[in-house]
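To start, the structure under review is shown below, and the notes come after it.
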Amino acid sequence: FGTPERPVQKLAILGAGLMGAGIAQVSVDKGLKTILKDTTVEGLGRGQQQVYKGLNDKVKKKSLTSFERDSIVSNLTGQLDYKGFETADMVIEAVFEDIRIKHKVLQEVEAVVPPHCIFA
10 FGTPERPVQK LAILGAGLMG AGIAQVSVDK GLKTILKDTT VEGLGRGQQQ VYKGLNDKVK
70 KKSLTSFERD SIVSNLTGQL DYKGFETADM VIEAVFEDIR IKHKVLQEVE AVVPPHCIFA
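My numbering runs 9 ahead of the 1-based position in the sequence shown.
The structure is reproduced here in structure tokens:
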């Protein structure tokens, strides 16, 4: 294990469902610039709201201030396209468990990510 050869500074997550939004929350909470991508405005909105709610729960428990929450949330970018993926260090796939969708997404992502990008 040890020190990574290239640290992850920008993460992209495919799918803003329960899993994708959960990964996004942990990622932004750790200070990573994170893109959360979904195919619908509604799905993306639910995912972003889930991240906000999770962080807001920490505010209610007094483990974060509202300023810290807002600062953390500012690391999250929600979008419907692949803009910004060209600078991603890692892409995490969290789409529906449908092999056709996964293959399609993989092809689309491979066309835009840099060579060093890790796909998980």
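Don't be surprised by glycine CBs; every beta carbon is placed ideally from N, CA and C.
Simplified DSSP state of Q88, which is helix, strand or coil: For the purposes of this step, residue 88 is taken as the residue at position 79 of the sequence shown. Looking at Q88 - three-state DSSP - the assignment turns out to be strand.
Buried/exposed call for G87, threshold 16 Cβ in 10 Å: Taking the first residue of the sequence shown as position 1, residue 87 is located at position 78. Buried, since its Cβ has 16 or more Cβ neighbours within 10 Å.
Inter-stretch contact (C-beta, 8 Å, three-pair minimum) for the region 110-129 and the region 63-76: no
Counted within 10 angstroms of its Cβ, other Cβ atoms place H94 as buried (16 or more) or exposed: Here residue 94 refers to the residue found at position 85 when the sequence shown is read from its first residue. First, the amino acid is wrong: residue 94 is Phe here, not His. Buried, because 16 or more other Cβ atoms sit within 10 Å of the Cβ of F94.
Limits of the beta strand (DSSP E) - the one that K46 falls within: Here the question's residue 46 lines up with position 37 in the sequence shown. Residues 42-46.
Collapsed DSSP secondary structure at A97 in the structure displayed: Locating residue 97 in the sequence shown gives position 88, where the first residue counts as 1. Looking at A97 - three-state DSSP - the assignment turns out to be coil, as it is neither helix nor strand.
Unbroken beta strand (DSSP E) run spanning K39, endpoints: For the purposes of this step, residue 39 is taken as the residue at position 30 of the sequence shown. Counting along the chain, K39 falls outside any beta strand (DSSP E), and DSSP gives it neither H nor E.
Anticipated Cβ contact below 8 Å, K69 with K42, distance rounded: In the sequence shown, residue 69 corresponds to position 60, counting from 1. In the sequence shown, residue 42 corresponds to position 33, counting from 1. Actually they are not in contact, since the Cβ atoms of K69 and K42 sit about 26 Å apart, beyond 8 Å.
Where L23 sits in the DSSP three-state scheme: Taking the first residue of the sequence shown as position 1, residue 23 is located at position 14. Correct three-state label for L23: strand.
Per-residue DSSP class, three states only, for E106: Walking along the sequence shown from the start, residue 106 turns up at place 97. Coil, per DSSP.
The alpha helix (DSSP H) enclosing Q57, as first and last residue numbers: For the purposes of this step, residue 57 is taken as residue 48 along the sequence shown, with counting starting at 1. Unbroken alpha helix (DSSP H) run through Q57: 50-69.
Residues of its chain near A21, where Cβ-Cβ distance is below 6 Å and the 5 sequence neighbours each way are ignored: Here the question's residue 21 lines up with position 12 in the sequence shown. Counting only Cβ-Cβ distances below 6 Å, and skipping sequence neighbours, we find I44, F94, A97, V100.
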